[in-house]
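One structure below.
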Amino acid sequence: MRDALRLRGVTRRFGPVIALDEVDFALAPGEIHGLLGENGAGKTTLARVAAGILQPDAGRVEIGGQPLGNGGVGVARALGVAMVHQHFSLVPRFTGFENVALFDVAAWTRRGTLRSGYRDRVEARAGELRLAVELDAPIRGLGVVARQRVEILKALMGDTRVLLLDEPTAVLAPQEVEGLFAVLRQVARAGAGIVLVAHKLDEVLAAADRVTVLRRGQWVMTRAAAEVSARELAEAMVGAGVGVRGGGGVEATAGGARAPEFGAAAGDVVAELRDVTVAAGGSLPLRGVSMQVRRGEILGIAGVGGNGQRTLAAVLAGMRLPDSGEVQLPEEVGWIPQDRTNEGLVNEFTISENVAFAVHDRSEYRKGPWLDWAGVEETASALVRDMDVRADSPAVTASVLSGGNQQKVVTGREFLRSGNLLVAESPTRGLDVKATLAVRARIGEIARSGGRPPGVVLISADLDEVLELSDRIAVMVRGRLIPVPREDHNPAAIGELMLSARREGAP
Amino acid sequence: MSTRFRTLTPALTAATALLATLVVAAALLALGGYPPGDAFAALFRGAFGTWDRFVSFTLVRATPLLLTGLAIAFAFRARVWNIGAEGQLHAGALAAVAVAVALPGAHGLVVIPATLLAAAAAGALWASAPAAMKTGMGVGEVITTLLMNFVALFMAQFLVQGPLREDRGVFNQTNEIPPAAHLPDLIPGTRLHLGFLIGILIAIALWLYLTRTPGGFRLRAVGASPRAAEVSGRFRAQPVVWLAFLASGAIAGLAGGVQVAGVTHRMYEGLSPGWGYTAIAVALLARLNPLAVVVTAIVFGALSAGGGAMQRDAGVPEVWVRGIEALVILAVLAVDRSWQALTSRGSRG
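Top line first, the protein sequences correspond to chains W and H.
Its first residue numbered 0, the first sequence is counted upward by one per residue in numbering that gives the first Met the number 0.
Its first residue numbered 0, the second sequence is counted upward by one per residue in numbering that gives the first Met the number 0.
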């Protein structure tokens with residue numbers, strides 16, 4: 000049988016970030032296909048490429064055997080693709096029926112009047128799908144479940160062969176999820192293929208026939224749901240044992256045998272948190288976090304994104320004061336922030352100007368009242384050389400650099416501040432393999448450097464990375480920091496801890 | 000795109016905008032039955048025809064535009080959208096008159112600095128309310144600075160009609176400030192006063208501050224990306240925003256003080272024909288570069304001086320002159336945007 004949807008070698012970039020990297024994907028008619036992955040793994044991008052909203056940079060999309068080309072949403076719709084977005088696209092003042100009609104070309108005559116009998120067709124379709132839809136109440140008065148049903152009916156009014164649902168369960172309570180799945184099974188029985196984008200493992204296993212896992216924009220596995228365990232999926236998502244391996248080069252540099260026992264070989268304590276609590280004021284909370292960071296060690300903090308890691312990084316960088324608990328930090332902290340394009344760099348500034356962030360208020364870069372730009376430029380040149388940044392000169396604007404080179408600039412700049420402590424937050428997110436290895440190697444090197452190396456806190460959702468680089472590991476679970484004993488430094492044990500976080504984390 | 004071409008771009012923008020305006024204005028003048036050639040000749044003669052026209056008219060009229068243009072450029076560099084230069088200018092003018100009138104016997108060396116400082120302080124004070132609302136409550140400064148303009152204008156109107164009305168009681172204006180408070184002439188025999196030099200010096204100072212000092216670096220960083228400034232620079236954006244508001248307000252206030260002390264020697268209704276708003280075009284045309292503001296302010300000063308001559312010598316009614324000035328501003332903004340689109344596309348390719 001012909002595939003309802005087929006992606007062949009699809010690549011899609013957003014500026015320097017690769018969202019999809021030569022991904023193959025097949026959806027059979029009548030199948031519910033779960034699409035799993037961490038935040039930023041490329042799930043939504045894949046769905047949007049299939050819906051014609053985004054054009055792939057390379058590769059092809061076929062719908063029912065027909066190439067989508069660069070036809071966009073209109074062609075995709077004509078070929079029978081419909082997408083239900085995570086954030087509903089309904090007109091709040093309109094009724095459910097009006098919203099359905101608004102989106103359906105077939106509802107209207109040439110003169111722009113509603114076709115007679117359209118109402119009956121809508122009701123009949125809802126009946127076929129056994130979808131209890133409130134058609135006559137304005138959307139704004141409806142609850143989430145009722146809105147979602149309107150969205151689904153809206154998507155299925157035409158001859159829909161492919162239904163893409165982006166995180167449809169995110170807004171639902173557990174009991175409501177079962178109701179949604181019943182509807183989806185009904186739709187699938189009618190012959191449409193369904194892509195269910197989600198990140199809750201157990202739900203996907205309950206609903207899907209097959210499951211595909213993406214990680215860092217790459218295809219990792221496709222398996223029948225009946226033949227795969229939640230643990231296998233979890234490992235595939237967080238990258239234990241599959242996908243981009245760090246490779247021997249980094250491990251050799253990082254010297255896995257260092258600091259075998261906690262604190263044994265490491266130097267003096269450079270940072271300490273004692274029972275630090277941050278209430279959820281605009282960011283995710285920290286609950287009673289205690290930790291010590293010593294010179295020369297890498298403390299890896301694993302965890303599913305959104306469990307308080309960002310807050311922890313801000314506290315360690317001295318940018319956020321805790322509501323209670325004690326914090327001891329060095330005067331200056333290197334901090335590689337997660338969001339490099341918006342936080343780590345000013346895109347329209349040159350490399351020199353971006354480097355100046357770290358040094359502009361140091362006395363050695365002052366000449367009287369003036370900032371010593373020649374000195375800054377010299378430092379930036381050395382950084383470009385040492386970090387192997389691919390740029391002609393430090394006068395190049397940051398926005399023209401690739402993601403990997405941007406991250407090398409940020410990393411190098413934060414090294415300037417890392418005499419005592421370096422906090423690296425998802426330092427390789429969105430980078431290609433080569434840049435990933437380079438940045439990991441640099442972080443390994445700085446902690447292993449002779450003399451007085453800094454202590455490094457590596458916060459990453461990438462388990463590979465944490466396992467590869469860290470001397471000690473802790474897992475962040477809903478704002479708590481759980482130390483992982485040495486003997487549990489393996490993907491399975493840590494993956495399970497991270498996964499338990501996710502289950503607990505469900506509202 | 001080569002660096003050389005990029006540095007040329009602002010000049011090209013300005014030239015293209017002026018050329019486009021010239022074409023459209025010529026067409027409009029011809030439609031209205033005024034020979035465009037005569038009108039433009041009158042405009043040019045009025046602005047640059049003689050040394051005195053240039054110095055006593057173009058440069059004198061450029062002075063308030065220079066100061067307010069600098070005020071806008073500085074604020075915009077910090078992404079502080081101060082639309083309130085007009086109000087800050089009025090506040091400055093009122094303060095200048097009040098101080099100068101209150102010091103009748105004082106020497107120039109005392110009364111002039113006191114007058115100008117009072118004007119700057121009043122402008123900064125006027126800008127501090129929107130600054131407090133923005134930093135404290137997150138209220139957008141576009142609205143607040145604009146509304147503060149109306150408050151300042153009506154306050155000025157009220158004061159010159161009542162409490163500060165001249166003792167003669169003939170016109171709605173204040174008493175003349177004492178001669179000691181008049182700004183000295185910059186070039187003997189012309190009407191160009193010290194204020195123009197002050198404007199040039201402030202332009203140089205702002206440029207040095209922005210490009211050569213740590214504080215200027217911080218200000219540009221906050222203007223480019225407040226979030227990146229806080230995370231990468233580890234400094235708070237708020238003090239920088241305050242500085243931008245206060246400095247901008249002070250310079251705009253100084254514009255009012257300089258106009259009173261250098262030209263009108265008193266305050267009256269309608270002191271400014273909207274300099275605070277034209278200043279936005281002056282600053283944008285200069286790409287927010289303080290040194291370039293000197294040039295663009297003179298261009299707009301010439302337009303103002305030449306416009307008067309066009310009215311008088313070529314018989315073009317004032318509304319047409321105003322319309323042509325407005326066209327220039329529109330052309331500048333349109334050409335500037337399209338240049339930005341062109342150059343950003345070019346540099347990515």
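Idealized CB from N, CA, C, for every residue including glycine.
Which of helix, strand or coil DSSP assigns to residue 444 (chain W)
Residue 444 (chain W) falls in the helix class under three-state DSSP.
To the nearest angstrom, how far is the alpha carbon of residue 186 (chain W) from that of residue 175 (chain W)? 17 Å
*Jot down the residue ranges of each uninterrupted beta strand (DSSP E) in the segment 120-167 of chain H, minimum 3 residues, whole runs only, in chain order.*
The qualifying runs do not exist here; there are none.
*Roughly how many whole angstroms lie between the Cα atoms of residue 330 (chain H) and residue 117 (chain H)?*
Rounded to the nearest angstrom, the two C-alpha atoms are 37 Å apart.
* Starting from the C-beta of residue 328 (chain W), find all residues in its chain whose C-beta is less than 8 Å away, skip the five residues before and the five after it, and write them out in chain order. => 270, 315, 317 and 420
**Prompt:** Run through DSSP, which three-state label would residue 260 (chain W) get?
**Reply:** Because residue 260 (chain W) carries a pLDDT of 36, less than 50, the predicted location of this residue cannot be relied on, and the following value inherits that uncertainty. Coil.
Where DSSP assigns a beta bridge to residue 515 (chain W), which residues make up the other side?
The structure shown has nothing for residue 515 (chain W), since chain W only spans 0 to 506.
8 Å Cβ cut-off: residues of chain H touching residue 347 (chain W)
223
Q. By Cβ distance, which residues of its chain are closer than 7 Å to residue 344 (chain H), with the 5 residues on each side in sequence left out?
A. In this prediction, residue 344 (chain H) has a pLDDT of 43, which is less than 50 and means its spatial position is unreliable; what the coordinates show is noted afterwards. Closer than 7 Å at Cβ, skipping near neighbours: no residue.
Task: Below-7 Å beta-carbon distance, residue 79 (chain H) vs any chain C residue - done: The structure shown contains no chain C; the protein chains it does contain are W and H.
| For the candidate residues W:298, W:196 and W:230, whose alpha-carbon lies nearest to that of residue 494 (chain W)? | W:230
### CB of residue 285 (chain H) within 7 Å of CB of residue 291 (chain H), strictly
yes
Check your understanding: Which residue or residues does DSSP assign as beta-bridge partners of residue 323 (chain W)?
Key -> W:276
(message) According to DSSP, residue 366 (chain W) sits in a beta bridge with which residue or residues?
(response) W:369
Contacts of residue 134 (chain H) in chain W (Cβ-Cβ under 7 Å): Within 7 Å Cβ-Cβ: nothing; residue 134 (chain H) doesn't reach chain W, min ~17 Å.
- Task: Take the Cβ of residue 233 (chain W) as the centre, count every other Cβ of all protein chains shown within 10 Å, and call the residue buried at 16 or more, exposed below.
- Result: buried
Could you confirm whether any beta carbon from chain H is found closer than 7 Å to the beta carbon of residue 341 (chain W)? yes
Residues, ordered as in the chain, of the segment 257-287 of chain H that lie near chain W by beta-carbon distance below 9 Å:
none
* Asked: What distance in whole Å lies between the Cβ atoms of residue 16 (chain W) and residue 89 (chain W), which are believed to be in contact at a cut-off of 8 Å?
  -> The pair is not a contact, with the Cβ atoms about 31 Å apart (cut-off 8 Å).
Between residue 93 (chain W) and chain H, is any beta-carbon pair separated by less than 7 Å?
no
- Query: Which chain H residues sit within Cβ distance under 9 Å of residue 318 (chain W)?
  - Reply: Near residue 318 (chain W) (Cβ distances below 9 Å), the residues of chain H are 229, 230 and 233.
C-beta neighbour in chain H for residue 336 (chain W), strict 7 Å: yes
- In chain H, which residues lie less than 9 Å from residue 134 (chain W) when you measure between Cβ atoms? The premise fails here: residue 134 (chain W) is roughly 41 Å from chain H at the closest Cβ pair, so nothing lies under 9 Å.
query = Would the segment 333-351 of chain W and the segment 391-403 of chain W be scored as touching if the rule is three or more Cβ pairs under 8 Å?
reply = yes
Backbone CA spacing between residue 206 (chain W) and residue 103 (chain W) [nearest angstrom] | 28 Å
(Q) According to DSSP, simplified to helix, strand and coil, what is residue 408 (chain W)? (A) helix
Rounded to whole angstroms, how far is the Cβ of residue 307 (chain W) from the Cβ of residue 497 (chain W), which I believe are closer than 8 Å?
With a Cβ gap of about 13 Å, residue 307 (chain W) and residue 497 (chain W) do not count as contacting.
**Asked** Near residue 204 (chain W), what residues of its chain come up, given a Cβ to Cβ distance below 8 Å and the 5 sequence neighbours on each side ignored?
**Response** 33, 210, 224, 227, 229 and 232
Would you mind stating whether residue 183 (chain W) and residue 36 (chain W) have Cβ atoms separated by less than 7 Å? no
Requested in this report: Anything in chain W within Cβ reach of residue 213 (chain H), meaning under 7 Å, just list it in chain order.
Outcome: 359, 360 and 370
Counting C-beta neighbours from all protein chains within 10 Å, is the total for residue 115 (chain W) 16 or more, i.e. buried, or is it exposed? exposed
**Reference residue 209 (chain H), options W:409, W:369, W:12 and W:486, closest by Cα** = W:369
- Just grab the DSSP bridge partners of residue 165 (chain W) for me. W:196
Can you pull the chain H neighbours of residue 355 (chain W), defined as C-beta to C-beta under 7 Å?
216
Check: Since residue 226 (chain H) meets chain W, which of its residues come closer than 8 Å, beta carbon to beta carbon?
Finding: 341 and 342
Suppose you measure from the CA of residue 57 (chain W) to the CA of residue 11 (chain W); what does that come to, to the nearest Å?
7 Å
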